[in-house]
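Report on one structure; see the data block that follows.
In UniProt numbering, the protein residues as written are 1 to 247.
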């Protein structure tokens, strides 16, 4: 029953893979400056997927993309291969190239995974931050609490992503930062906020507010481990047992 509910909600916000979605109007030609052209193309396509320009399940046609981006087929296909590795595009040789259409169970698992990654960033970076950056984190955590109380999903996302970015940067771990930068685009794409918001009942909002309060207390105590636990709880605490076991 849960998966039917999740699937129904997903279909209400995601484009049917069978429905054609027009390619955006022609973009300015891509010009690479001190970077590989494939990387410029990849970043433009990635951003277009993440911001909804290309919608879930949309079939992508090489000729239209080449015209839109002003590039040849070689850098385009190289960029598409990179995006497939990131989990944003799926391909079937000689059949289709399309934007991934997330399954309900994948959304739940992606959100759980992001919780672990976000918690790790806080654990690694919190105590290494400068006093100025720590104050930024404290202020953002207060904004996060306010957004939770108002049930403002955009505010929750924006304030928390900013906390995560500051802590990841402050971790001093270049390998960790590189991994997060390259590997989390697919996870973030899978965690569609419009769908996740519909999963949160009153109990869930109470749990989120409790987790936000736990983070504020951990920050006040300079307790990085308690902050990590609070962050992970914010990603997992509102999921019911059935949702937690979704596959």
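Each residue gets a CB set at the ideal place from its N, CA and C atoms; glycine is no exception.
For residue i, which residues from the same chain have a beta carbon less than 6 Å from its beta carbon, with the 5 sequence-adjacent residues on both sides left out?
i, result
"residue 177", "168"
"residue 228", "119, 122 and 123"
"residue 110", "187, 190 and 191"
"residue 91", "84 and 97"
"residue 106", "190"
"residue 145", "212"
"residue 82", "42"
"residue 140", "159, 162 and 163"
"residue 225", "none"
"residue 216", "141"
"residue 6", "Annotation note: pLDDT 41 at residue 6 (below 50); position unreliable, no value reported."
"residue 218", "226, 227 and 230"
Could you tell me which residues DSSP pairs with residue i in its beta bridges?
i, result
"residue 92", "96"
"residue 231", "In the DSSP output, where bridge partners are listed per residue, residue 231 has none listed."
"residue 59", "98"
To the nearest angstrom, how far is the alpha carbon of residue i from that of residue j?
i, j, result
"residue 158", "residue 148", "12 Å"
"residue 43", "residue 150", "34 Å"
"residue 102", "residue 113", "15 Å"
"residue 172", "residue 166", "11 Å"
"residue 204", "residue 104", "18 Å"
"residue 65", "residue 76", "8 Å"
"residue 48", "residue 198", "24 Å"
"residue 174", "residue 142", "28 Å"
"residue 59", "residue 51", "16 Å"
"residue 243", "residue 200", "Caution is warranted here: a pLDDT of 49 is assigned to residue 243, below 50, making its placement in the model unreliable, and the coordinate value is therefore given only provisionally. Looking at the two C-alpha atoms, the distance is approximately 11 Å."
"residue 138", "residue 152", "19 Å"
"residue 136", "residue 78", "39 Å"
"residue 68", "residue 61", "11 Å"
"residue 283", "residue 127", "Because the chain here runs from 1 to 247, residue 283 falls outside it and cannot be looked at."
"residue 214", "residue 129", "20 Å"
"residue 230", "residue 93", "44 Å"
"residue 39", "residue 73", "14 Å"
"residue 223", "residue 131", "15 Å"
"residue 4", "residue 155", "Because residue 4 carries a pLDDT of 39, less than 50, the predicted location of this residue cannot be relied on, and no value is offered for it."
"residue 220", "residue 125", "15 Å"
"residue 202", "residue 35", "48 Å"
Please go through the same chain and pick out, in chain order, the residues whose beta-carbon is closer than 7 Å to the beta-carbon of residue i, but skip the five residues on each side of it.
i, result
"residue 116", "232"
"residue 160", "144"
Give me, in chain order, the residues of the same chain whose beta-carbon lies closer than 8 Å to that of residue i; leave out the 5 immediate sequence neighbours on both sides.
i, result
"residue 87", "100, 185, 186, 187, 189 and 190"
"residue 46", "83, 86, 88 and 185"
With 16 other CB atoms within 10 Å as the buried threshold, where does residue i fall?
i, result
"residue 235", "buried"
"residue 95", "exposed"
"residue 63", "exposed"
"residue 179", "exposed"
Quick one: measure Cβ to Cβ for residue i and residue j, integer angstroms, because I've assumed they're closer than 8 Å.
i, j, result
"residue 170", "residue 133", "6 Å"
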